[in-house]
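J.: Residue numbers (the working numbering): 1276 to 1419.
Yeah, the Cβ is synthetic: ideal placement off N, Cα and C, and Gly gets one too.
Bear in mind the structure is a predicted one, so any value in this text is a computation, not a measurement.
Shown below is the structure under consideration.
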Amino acid sequence: MHIFGTNEMAQQVDRITAKELVEILKNPEARNAVRIVDVRDGDFAGGHIRGAINVPEEHFHDDDDVDNFVDEMKTVPTIIFHCMMSQVRGPFCAHRFQSRVNAVLEHAAIKPKVLVLTGGFQLFRQNYSHDDDLVEGLPKEGDY
């Protein structure tokens, strides 16, 4: 288990708006340069951004786990983290990932850019749930 130092959590991770993300997702070339990481737990199955991968927040506590994920994602130009509202879990995981990128890929010429989705899945779903190209896994009317 890693105890977080002041410098690690003080690192600022930039944000991306839902509208900016939609512009990327609607552009096939740009879409291929982005990986969306949804750090929610079981609620991922109840709907998520199309193409997002689910890596629950609990996987970001141990340096070895994060380092393995950094190694897996090292060739992805941009990685966007989010949770339900991107207030706690999403930013926490983005900070952890960014700090380990700086350690694991210290001498790499190119490192992934790390972003947090402003408003998280809640705001994204609120604005784009009608678009099946952007959101998948939402319960349909009558599925309740």
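Does GLU1410 come out as helix, strand or coil in the three-state DSSP assignment?
T.: The sequence position of residue 1410 within the sequence shown is 135, counting from 1. A quick correction: the sequence has Val, not Glu, at residue 1410. It is a strand residue.
J.: What ranges does the alpha helix (DSSP H) occupy inside the segment 1282-1360, keeping only unbroken runs of at least 4 residues that lie completely in it?
T.: DSSP runs (the alpha helix (DSSP H)) wholly in the segment 1282-1360: 1293-1300, 1303-1306, 1338-1348.
J.: Kindly indicate the opening and closing residues of the alpha helix (DSSP H) around VAL1363.
T.: Indexing the sequence shown from 1 puts residue 1363 at position 88. Note, VAL1363: premise wrong, no alpha helix (DSSP H); not H, not E.
J.: Under a Cβ-count criterion, where at least 16 other Cβ atoms within 10 Å of its own Cβ denotes burial, should VAL1389 be classed as buried or exposed?
T.: The residue labelled residue 1389 in the question sits at position 114 within the sequence shown. VAL1389 is buried by the Cβ-count criterion.
J.: Using 10 angstroms around the beta-carbon of SER1404, count the other beta-carbons present and answer buried if the total reaches 16, otherwise exposed.
T.: By 1-based counting over the sequence shown, the position of residue 1404 is 129. So SER1404 ends up on the exposed side.
J.: Going by C-alpha to C-alpha distance, which of ALA1327, LYS1386, ALA1308, ASN1307 sits closest to ASP1249?
T.: The question about residue 1249 has no answer here: the residues shown for the chain are numbered 1276 through 1419.
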